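Each remark here refers to the structure printed beneath this line.
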Ligand SMILES: [Zn+2]
Ligand SMILES: [Zn+2]
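Residue numbers (my numbering): 2 to 122.
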């Protein structure tokens, strides 16, 4: 008798979406929750999971947030249907500060012209 076992990591999408005004890009977007975990499997059947981590991604700009484990647990069980903005811990907001190509003044992403020198970006 021999055993086939392994340890793997996986990402699982949770049954959760929430329409929001994105805290990152101010567009209407959706939050989607997923979790990652490590699991031990025997004969390709997952026996137990650990190291669960929960994340939320916004569909508009793809920014990524970590959420607390308790909140993630609730979402996974379906007992939580709303995430507050204060629950989101930004990991990768994909936001890169732009600077004017002429005078290096920091420019909002939606600006086409530099507010300081008027240079077109
Ligand atoms: Zn966004
Ligand atoms: Zn400028």
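Each residue gets a CB set at the ideal place from its N, CA and C atoms; glycine is no exception.
What you are looking at is a predicted structure, and each value in this text was computed from that prediction instead of being measured.
From the DSSP output, in three-state form, read off residue 33 for me. Here the question's residue 33 lines up with position 32 in the chain shown. Strand.
Residue 81 in three-state terms, based on DSSP: As a working mapping, residue 81 is identified with position 80 in the chain shown. If DSSP states are grouped into helix, strand and coil, residue 81 belongs with coil.
Classify residue 48 as buried or exposed, calling it buried when 16 or more other Cβ atoms lie within 10 Å of its own Cβ. Against the chain shown, residue 48 aligns to sequence position 47. Residue 48 should be labelled exposed.
Between which two residues does the beta strand (DSSP E) harbouring residue 102 extend? Locating residue 102 in the chain shown gives position 101, counting from the first residue. Per DSSP, residue 102 belongs to no beta strand (DSSP E) and is neither H nor E.
Nearest to residue 125 by CA position, among 23, 91, 83 and 8, is which residue? The first residue shown for the chain is 2 and the last is 122, placing residue 125 beyond what the model contains.
Contacting residues, own chain, Cβ-Cβ under 8 Å from residue 122 (five flanking each side not counted): On the chain shown, position 121 is the one that residue 122 refers to. Taking C-beta separations shorter than 8 Å and ignoring five residues to either side along the sequence, the partners of residue 122 in its chain run 99, 101, 102, 108, 112, 113, 114 and 115, following chain order.
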